[in-house]
Structures are given as C-alpha cells and as structure tokens.
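Quick notes on the structure that follows.
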Amino acid sequence: MSDWLQRLEALDPARLAGMRRGVEKESLRAQAGATSLALTPHPTALGSALTHETVTTDFSESQLELITGVHAGIDDALRELTEIHQAVVHALGEERLWVSSMPCGLPTDETIPIGRYGSSNIGRAKSVYRMGLGQRYGRRMQTISGIHYNWSIPGVGTDGYLGVIRNFR
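Written out as structure tokens, the structure reads:
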C-alpha cells in the first residue's frame, strides 16, 4: 500500500471534520433582455476587480468571479456565496448574470474585453497574462465559466491530494 493511501486511511473522522472549503463561481454579465455579452466595464458598484476580496473579474472584463472565504461547513460556504450573489445582482442594475457555463452570444474574438486591473505593476501583469491566454487559446474559449470547489484536509499534503485525485473514482 502506498504511503499517501496509508496516511489518507489514517484520517479519523475528527480530522475529516476539520475539512475546510470555499467556492469560486464565474458568470458572464449579459445585456438586459438579451442573450449577448455585456461589453461595459466592471461595475464600479462592485469595487475594484484588482483588490476586492469577494468579487473580481476572471478572463474578461465581462466575466465576474464570486469568491467565498474559507469555511468549516458546507452550509456556511453556500450561505456566503448566496449573499455575494445577491449583492452582485442588486449592483448590476439592468444587466444579468448568464446562468450557463457555456457563453451567451459573443461578439468577434477581438471585441471580447480582457479584464482591466488598472495601471499598477500587478494590475498590468494580470492584464498582460490574459492577453497571452487570449492569443494562445482565443478569447471565446476563455469565456467558458465554471465553479471551483476548493477544499483542504488538515495534515494532508500535496502527495495525498494528488493520490486522491488519481484514485477519485
């Protein structure tokens, strides 16, 4: 039996109860009453996409990412995600969040706005990185949105997580 499997099997229920989780949910902003991408800048009512802890943009200026903190319970993570989601919907005004992971109607590739994070070195680096993704994979491909469920178990390191991933099924 491999070392990582022995360590994973040694996890008692109390350690598993110490699991932590968080959620990152991406959604495109769509024009009100339409099925096409909103081409407006990141709404100022949502704060800075560079520094806001819970609402940022992903690849595109039109692609919001909602981020929860780290939680011990699933219900707490979902409650925070719901609160962030409600605040965003309220702040969007006429625009809507596109509910599907596959994008709404998109303009030509070069028209899809890349995330803008300001003129600081960090902000410019984030934008340049996205320009590279757009060149390598195409901007349309980068607008596919998803949900990331992040979790950790106390005392489990990289080898243990990779072992779980390899043997998930």
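Oh and the sequence shown: position 152 is 746 in the numbering used here, straight run, nothing missing. Each residue gets a CB set at the ideal place from its N, CA and C atoms; glycine is no exception.
Host alpha helix (DSSP H) of residue i (start-end)
i              : result
glutamate 618  : Not the alpha helix (DSSP H): glutamate 618 falls in the beta strand (DSSP E), residues 614-624.
glutamate 674  : 668-686
isoleucine 716 : 715-731
valine 758     : 752-760
Whole-Å CB distance - residue i paired with residue j, under 8 Å assumed
i             : j          : result
glutamate 620 : serine 739 : 4 Å
arginine 614  : valine 649 : About 21 Å; that fails the 8 Å criterion.
Range of the contiguous beta strand (DSSP E) that encloses residue i
i             : result
threonine 650 : 649-651
proline 658   : Per the sequence shown, residue 658 should be read as leucine rather than proline. First-last of the beta strand (DSSP E) with leucine 658: 657-661.
Pair within 7 Å by beta-carbon distance, residue i and residue j
i             : j             : result
arginine 710  : glutamate 674 : no
alanine 624   : arginine 690  : yes
histidine 742 : glutamate 647 : no
glycine 699   : threonine 629 : yes
arginine 734  : aspartate 703 : yes
Three-state class that DSSP yields for residue i in the structure shown
i             : result
leucine 631   : strand
histidine 742 : strand
arginine 710  : coil
glycine 699   : strand
leucine 644   : coil
Neighbourhood of residue i by C-beta, 7 Å cutoff - its chain only, sequence neighbours within 5 removed
i           : result
alanine 685 : Pro637, Ala639 and Leu640
proline 748 : Arg609 and Gly612
glycine 712 : Leu644
Residues near residue i by beta carbon distance below 8 Å, same chain, minus five either side
i          : result
serine 721 : Ile708, Gly709, Arg710 and Tyr711
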